[in-house]
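Okay, structure first, notes after.
Protein chains: 2
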Amino acid sequence: MLMIKRGFEPEKDNWSLMGGFLKQDESLDDAAERILEELTGLTGVYMEQLFAYGDVNRDPIARTISVSYYALIKVDSYNKELAKLHGAKWFTVTQHPSLIFDHEDMVEKALGRLRRRTRTEPIGFELLPEKFTIPQLRSLYEAINQTEYDPRNFSKKLHSMKLLTKLDEKDKSTSRKGAYLYKFDKNRYEELKASGFNFGL
Amino acid sequence: MLMIKRGFEPEKDNWSLMGGFLKQDESLDDAAERILEELTGLTGVYMEQLFAYGDVNRDPIARTISVSYYALIKVDSYNKELAKLHGAKWFTVTQHPSLIFDHEDMVEKALGRLRRRTRTEPIGFELLPEKFTIPQLRSLYEAINQTEYDPRNFSKKLHSMKLLTKLDEKDKSTSRKGAYLYKFDKNRYEELKASGFNFGL
DNA sequence: GCAAAAGTGTTCACACTACACCCATGC
DNA sequence: GCATGGGTGTAGTGTGAACACTTTTGC
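As you go down the protein sequences, you meet chains A and B in turn. My numbering applies: residue 1 is where the first sequence begins, and numbers increase by one. My numbering applies: residue 1001 is where the second sequence begins, and numbers increase by one.
Written out as structure tokens, the structure is:
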């Protein structure tokens, strides 16, 4: 997860999720996209509204309603200069500094939503580069769901969906043998979705 | 679903979901409960936040952010006087007049959420009286999920969960033979939930 | 006695789980 | 040649789906 050191009071210099204020002429979705772009330079990434927070005293200075969103970002494809400028830093979900206000709850909700989503939609692919290996995909799902998958069962199920196109390339960065690279077959996915389909890994 | 005839412009006299304005000193949850009580007299019912709507022109008169909630109400246990006073009326989900603004989308989201919830939590019981029969429960789930369940499989699964307490009473209002009444065993449910449990019907 | 809904058991297919060995390669 | 991670098949088990007949009782 990408977090920032808050630049103003209250809670200045403590860790926080990235956020900003809604403008008069923009929708909630637009605001979320704008704020993500300002901090990471990214556009067009997977993003979803989570929950509206409205407790009266959640911000000690002013009455504030926050609408939380979560986005899925490929770790290596954001603008590091922008992130540095805002004091942003990556942490693992299992080990991160404590967060201000109710942001901890936002993280909980985001994780829960992400886990449920991965059971019905193949959004895991949003977090991987265009070409990826099966072991990469597997360890991503293991991180999301904090569990381990049997390599044989995992690839069996994956192949039975026929959602991946095998390439003639190998990724040799993690083993001597090398693992085949695959691409996500978007057309095939649209077909399957249209005919009512469940993506459970 | 319970809908009201809107009493003010814009869209005066058209059908709408019930709504109201957030006060300075109340949380979103508090506001939702207050508004439900004002219109139906009900308190302490199952209620859940759904989604925040923030498109710039969704209300043609003023910039408005709406946070939608859905509640589960036992059809026969609300205050009919209050409802009448506000011009409220019940409709079935499959046949209702068209709704103002983005309220149609709110209904879609509520239905989707309700369907997903019934797979992991026994919230269907929130919609039934304290004592109910298996056929009643079954037809409720058939209405929620717009499908039909095999009576044998349905009650088999239900009994295997051991969440219901069979009473020595019968409900004879729908058949000559009469159907046994059951109660939901809340203690048993808490036990099961604590030990990680999935309620799929 | 008949109509109408309630109640109940068995079989089959498929999906999920568990599990162990060979392969390719760089060093 | 050996260490390291990648890749694959099978057998057993449990869960979900399909399916038909008997029971009760008010009229």
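We put the CB at the ideal spot given by N, CA and C, even for glycine. As the structure is a computational prediction, the values presented were derived from the model and not from experiment.
If I follow the unbroken alpha helix (DSSP H) through residue i, where does it start and stop?
i	result
Leu-42/A	Run containing Leu-42/A: none; DSSP gives neither H nor E here.
Lys-23/A	Here Lys-23/A belongs to no alpha helix (DSSP H), and DSSP marks it neither H nor E.
Glu-1120/B	A small correction: the amino acid at residue 1120/B is Thr; Glu does not occupy that position in the sequence shown. That run of the alpha helix (DSSP H) goes 1103-1120.
What is the DSSP secondary structure of residue i, reduced to helix, strand or coil?
i	result
Gln-49/A	strand
Leu-1127/B	helix
Ser-1155/B	helix
Ala-62/A	coil
Ser-16/A	strand
Leu-1137/B	helix
Leu-85/A	helix
Asp-30/A	helix
Glu-1011/B	coil
Tyr-1202/B	No answer is possible for residue 1202/B: it lies beyond the span of chain B, which begins at 1001 and ends at 1201.
Ser-160/A	helix
Asn-57/A	coil
Asn-79/A	coil
Asn-1187/B	helix
Ile-1100/B	coil
Leu-201/A	coil
DSSP has residue i in a bridge; who is on the other side?
i	result
Asp-1171/B	Ala-1179/B
Lys-1166/B	Tyr-1182/B
Val-1067/B	Ala-1052/B
Phe-1132/B	Tyr-1182/B
Leu-72/A	Tyr-46/A
Output the boundary residues of the beta strand (DSSP E) element that contains residue i.
i	result
Leu-1002/B	1002-1005
Lys-89/A	88-90
* Between the segment 1048-1059 of chain B and chain A, which residues of the former have a C-beta closer than 7 Å to a C-beta of the latter? -> Using a CB distance below 7 Å, the part of the segment 1048-1059 of chain B facing chain A consists of Gln-1049, Phe-1051, Ala-1052, Gly-1054, Asp-1055 and Val-1056, ordered along the chain.
* Using Cβ-Cβ distances below 9 Å, what residues of the segment 6-31 of chain A are close to chain B? -> Leu-22, Gln-24, Asp-25, Glu-26, Ser-27, Leu-28, Asp-29, Asp-30 and Ala-31
* To do: Residues of the segment 61-79 of chain A with a CB closer than 8 Å to any CB of chain B: list them in chain order, please.
  => Arg-63, Ile-65 and Val-67
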